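*Asks:* Numbering (the working numbering), first residue to last: 1 to 320. Quick reminder that beta carbons are idealized off the backbone N, C-alpha and C, glycines included. What you are looking at is a predicted structure, and each value in this text was computed from that prediction instead of being measured.
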Ligand code: MTE
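(1) Contact check, residue 241 vs residue 203 under 8 Å by CB: the rounded distance?
(2) Apply the 10 Å Cβ neighbour rule to residue 146 and answer buried if 16 or more other Cβ atoms are within range, or exposed otherwise.
(3) DSSP state of residue 44, grouped into three classes?
(4) Regarding residue 199 and the ligand MTE, is the C-beta to nearest heavy atom distance less than 8 Å?
(5) DSSP three-state label for residue 180, please.
(6) Count the C-beta pairs between the region 242 to 261 and the region 107 to 115 that are closer than 8 Å, then say yes if the count reaches three, no if not.
(7) Per DSSP, residue 145 forms a beta bridge with which residues?
(8) So is the beta-carbon of residue 149 under 8 Å away from any non-hydrogen atom of the ligand MTE?
(9) If we require 3 or more residues per run, which beta strand (DSSP E) segments fall completely within the region 112 to 170?
(10) So, helix, strand or coil for residue 234, using DSSP?
(11) Assuming residue 172 contacts residue 119 under a Cβ cut-off of 8 Å, what Cβ separation, rounded to an integer in Å, is found between them?
(12) In angstroms with no decimal places, state the Cα-to-Cα distance between residue 68 and residue 134.
(13) With which residues is residue 174 paired in a DSSP beta bridge?
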């Protein structure tokens with residue numbers, strides 16, 4: 001099968017989420033996704049031709065307000081008040097308040113390195129130009145919890161194709177903004193700021209990899225990485241860098257924030273792998289936020305059918 005198994009589901013946007021969230025969706029449209037209305041109402045839509053694909057199994061078709069396993073969306077309040085964002089705080093429940101006044105306009109995203117057409121994108125142009133799709137993805141944090149989040153975004157591949165990667169480009173580096181005057185967590189000199197992450201070019205070009213600009217039908221709240229963040233659903237949450245200002249294509253594997261801090265704990269790949277324990281925690285199970293018990297963690301966070309081929313021939317106990 002091809003990289004995408006997302007199915008366009010023709011539904012009314014008012015059916016996707018409860019009413020108050022539907023209103024937020026309207027606000028999002030008003031705020032800048034002109035021309036995106038047709039795409040935004042399609043839950044979990046992939047590329048236009050993906051609708052004709054054979055899905056892995058009937059039970060895996062995403063339903064309204066649920067992921068393709070039938071798991072319900074994590075409530076908006078939980079997604080926006082339990083955040084990892086070390087530039088603001090290491091206390092997950094403190095981030096939302098501390099990030100409240102963070103300035104996300106004006107915002108420029110620079111895309112360069114080994115590309116034929118390096119460019120600076122204004123965030124407003126990105127919102128206008130790339131139709132936003134709703135993608136309901138599970139986010140699995142290495143700390144052992146998970147959420148189901150209805151992102152609004154577009155495939156990173158679209159942006160990368162526009163700058164025309166050179167043949168020598170093999171990796172993609174993502175750099176988050178560093179503004180100590182607005183980000184109190186950056187006072188800690190223990191961390192190797194700025195936050196940075198990396199993907200192999202084929203991972204970055206995969207249809208599941210998106211740049212997200214919103215969630216639950218509204219623009220991204222600051223604490224979730226406004227105005228633009230990466231989402232790579234088959235990898236642990238820390239790969240999904242927030243508030244990105246620079247994307248650079250490179251020949252060498254880029255350094256990553258967590259790999260610099262603890263290389264024996266955080267490898268470059270960071271695929272969700274229940275068989276490979278983190279030195280301090282088992283990764284075999286997870287606690288879905290809002291649930292009391294623990295559930296088994298799925299290989300590649302449940303996206304194995306779409307992404308396992310990217311790693312054929314690799315020993316994923318070594319390439320963790
Ligand atoms: N991006 C930046 N710039 N700074 C961070 O501290 N934390 C990461 C990732 N992206 C982080 C970041 C981690 S550990 C996780 S689990 C996710 O963001 C959390 O995203 P969420 O708060 O939207 O759930």
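*Replies:* The answer reads as follows:
(1) Not quite, the Cβ-Cβ distance comes to about 14 Å (not below 8 Å), so this is no contact.
(2) buried
(3) Confidence in residue 44 is poor, its pLDDT being 31 and thus under 50, which makes the residue's placement unreliable; the coordinate value appears in the next sentence. Here residue 44 sits in coil by DSSP.
(4) no
(5) coil
(6) yes
(7) 287
(8) yes
(9) 119 to 122, 133 to 140 and 145 to 155
(10) coil
(11) Going by Cβ atoms, the distance from residue 172 to residue 119 rounds to 15 Å, so no, they are not a contact pair.
(12) 13 Å
(13) 197 and 247
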